[in-house]
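Each residue of the sequence shown is one higher than the one before, starting from 448 at the first, in my numbering. Glycine is no exception: its CB is placed at the ideal position from the N, C-alpha and C atoms. Predicted, not measured: the structure shown is a model, and the values here were computed from it. Heads up, the thing below is written out as structure tokens.
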Amino acid sequence: MNIGWIGLGNMGIPMAAQLINAGYKVSVYNRSKDKGIELNKLGSTIAETPKSLLENVDIVIIMVSDDEAIKQIFESENGLLSAEASGKIIINMSTVSPAVSKAMDQKSQQKGNAYLDAPVSGSVKQAETGQLVIVVGGDETVFEKAKPVLDTLGKLTLRVGETGAGNQAKLAINSLLALYAQGLAETVLFANNNGIKTDDLLNLINNAAIGNIFTKIKGDAILADHYKPAFALKHIVKDLRLARDEGISSPLAETALKTFESAEAAFGEEDLIAVIKSL
């Protein structure tokens with residue numbers, strides 16, 4: 448099965464590399480062609496346009512930042528919808544709105560192709576080790592065809608409903624992610640203000656029932672004063688806004704959106720746990 452990959456950012460490169468290392472023939476497209484050099488060395492080919500990519504593979508996987516990027520990939524002059532191709536599967540692994548998934552699904556079907564939304568939970572480390580959690584929306588038969596490919600990228604691949612359901616579930620997960628990040632930051636600051644050292648506090652948390660992988664990873668980042676983005680703060684702002692647009696209006700969600708929006712100007716390009724510097 449030949450696979451096309453669109454989007455070679457922090458997540459896209461290690462995910463595409465997982466497929467190459469698993470023996471799939473992979474062709475890649477990215478607006479900045481230099482991003483494909485690393486994967487080309489591993490054995491991938493480089494496509495000139497999304498159109499040419501779709502015409503020469505069985506499955507196209509997309510990992511980009513937002514709705515606007517998706518629309519460009521599908522609807523631009525040499526986008527996916529301009530391809531003379533049918534019977535293909537397009538898998539959108541980006542965290543985008545359910546609405547854009549439903550729209551691109553309809554347009555893909557009109558061209559004789561299938562669409563799945565399949566965003567991931569996990570960050571760069573999980574992408575590098577094939578340990579992502581992949582949540583899928585779309586036709587069950589199409590999902591079963593694509594599942595072996597998705598299983599190469601993650602430790603769990605779960606279909607949760609029809610088109611858009613994967614996006615809905617991911618927005619719910621990322622809303623909790625924002626609450627975790629803000630809660631951890633506020634807890635560290637409260638402890639510090641009362642004379643408790645950060646490393647002592649984190650040692651206690653990580654050995655208590657409330658400890659988890661997130662508090663360990665982000666606690667280590669706080670200790671090291673290291674905010675290189677595994678998941679950029681600007682992206683959690685985008686996801687919280689999408690969740691708001693889908694109807695989340697709880698007190699915690701509204702507070703988290705305000706907190707991260709206020710932090711975005713100064714720390715948007717840093718990791719989301721850089722919210723501690725804003726607070």
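So residue i is in the alpha helix (DSSP H); what residue range does that whole segment cover?
{"i": "isoleucine 683", "result": "680–692"}
{"i": "lysine 602", "result": "Careful: lysine 602 lies outside any alpha helix (DSSP H), inside the beta strand (DSSP E) at 601–608."}
{"i": "glutamate 524", "result": "Premise fails: glutamate 524 is in no alpha helix (DSSP H) and is neither H nor E."}
{"i": "serine 709", "result": "698–714"}
Does residue i come out as helix, strand or coil in the three-state DSSP assignment?
{"i": "aspartate 552", "result": "helix"}
{"i": "alanine 561", "result": "strand"}
{"i": "leucine 455", "result": "coil"}
{"i": "isoleucine 450", "result": "strand"}
{"i": "aspartate 598", "result": "helix"}
{"i": "isoleucine 695", "result": "coil"}
Could you tell me the boundaries of the beta strand (DSSP E) in which residue i lies?
{"i": "alanine 721", "result": "Careful: alanine 721 lies outside any beta strand (DSSP E) and carries neither H nor E."}
Can you grab the Cα-Cα spacing for the pair residue i / residue j, in whole Å?
{"i": "proline 698", "j": "valine 722", "result": "19 Å"}
{"i": "glutamate 693", "j": "isoleucine 460", "result": "30 Å"}
{"i": "aspartate 564", "j": "alanine 546", "result": "11 Å"}
{"i": "proline 676", "j": "leucine 719", "result": "7 Å"}
{"i": "aspartate 586", "j": "valine 596", "result": "16 Å"}
{"i": "threonine 645", "j": "asparagine 477", "result": "41 Å"}
{"i": "lysine 480", "j": "threonine 496", "result": "11 Å"}
{"i": "glycine 584", "j": "isoleucine 508", "result": "14 Å"}
{"i": "leucine 704", "j": "valine 684", "result": "7 Å"}
{"i": "serine 491", "j": "phenylalanine 637", "result": "49 Å"}
{"i": "methionine 510", "j": "isoleucine 537", "result": "11 Å"}
{"i": "serine 568", "j": "glutamine 629", "result": "18 Å"}
{"i": "valine 607", "j": "alanine 616", "result": "8 Å"}
{"i": "serine 499", "j": "asparagine 614", "result": "27 Å"}
{"i": "phenylalanine 714", "j": "tyrosine 674", "result": "9 Å"}
{"i": "threonine 576", "j": "leucine 600", "result": "8 Å"}
{"i": "glutamate 531", "j": "threonine 588", "result": "23 Å"}
{"i": "serine 474", "j": "isoleucine 695", "result": "38 Å"}
{"i": "methionine 448", "j": "leucine 527", "result": "19 Å"}
{"i": "phenylalanine 707", "j": "phenylalanine 678", "result": "13 Å"}
{"i": "alanine 494", "j": "valine 504", "result": "11 Å"}
{"i": "threonine 604", "j": "alanine 612", "result": "14 Å"}
{"i": "serine 541", "j": "serine 548", "result": "10 Å"}
Checking the sheet assignment: what are the DSSP bridge partners for residue i?
{"i": "serine 568", "result": "Val580"}
Under 7 Å, Cβ to Cβ, is there at least one residue of chain D near residue i?
{"i": "lysine 518", "result": "Any reference to chain D falls outside this structure, which holds one protein chain only."}
In chain order, which alpha helix (DSSP H) runs of at least 4 residues are fully inside the stretch 465–522?
484–489, 497–502 and 514–522, all fully within the stretch 465–522.
Restricting to runs no shorter than 4 residues, where is the alpha helix (DSSP H) found entirely within the stretch 610–677? Counting whole runs of 4 or more residues, the stretch 610–677 contains the alpha helix (DSSP H) stretches 612–640, 645–653 and 660–671.
Legend entry - Sequence ranges, beta strand (DSSP E) only - wholly within the stretch 526–550, length at least 3: If we require 3 residues or more, the beta strand (DSSP E) runs fully inside the stretch 526–550 come out as 536–539.
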